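Every letter in the sequence shown is one number past the one before it in the working numbering, and letter 102, counting from 1, is 594. Below is one structure, written out as structure tokens; the observations come after it.
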Amino acid sequence: MFKPTTRRIFMMTCSAAAATFGLDVQAQTKVDEKDPQAMALGYVADATKTDPKKFPKYAPGQDCSNCVLFQGKPTDAFGGCPLFGAKQVAGKGWCSAWAKRG
Numbered sequence: 493m494f495k496p497t498t499r500r501i502f503m504m505t506c507s508a509a510a511a512t513f514g515l516d517v518q519a520q521t522k523v524d525e526k527d528p529q530a531m532a533l534g535y536v537a538d539a540t541k542t543d544p545k546k547f548p549k550y551a552p553g554q555d556c557s558n559c560v561l562f563q564g565k566p567t568d569a570f571g572g573c574p575l576f577g578a579k580q581v582a583g584k585g586w587c588s589a590w591a592k593r594g
């Protein structure tokens, strides 16, 4: 037989759902500059600290937020990048795979 949902059950269910969604957002870690993949690509979290002698392709104004690979809005502080899997890159970061967003 059908048993109606009480307010108490409804509130507990909503709380559990909210907690689950919160965990998903927190689970995404940031790319560490010392990560082997990051080092291979010359990733830095602050594009202004890029060594232009080591990476002559770098030009001021280039950063992850205006790269075609950045999976976020240009105003986002962090966003995904397919080069780093589930990790997030800094919007103000840079790596040698930078390509202008069209």
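For every residue, glycine included, the Cβ atom is placed at its ideal position computed from N, Cα and C. In this text, all values refer to a predicted model and were calculated from it rather than measured experimentally.
Give the C-beta separation of residue 560 and residue 534 to the nearest angstrom, bearing in mind that I take them to be a contact with Cβ-Cβ under 8 Å.
Not quite, the Cβ-Cβ distance comes to about 17 Å (not below 8 Å), so this is no contact.
Please state the DSSP three-state secondary structure of residue 522.
Here residue 522 sits in strand by DSSP.
Measure the alpha-carbon distance for residue 566 versus residue 555 and round it to whole angstroms.
10 Å
Would you call the segment 521-533 in contact with the segment 566-576, where contact means no fewer than 3 C-beta pairs closer than 8 Å?
Enough Cβ pairs lie closer than 8 Å, so yes.
Give the DSSP bridge partners of residue 581, in chain order.
571
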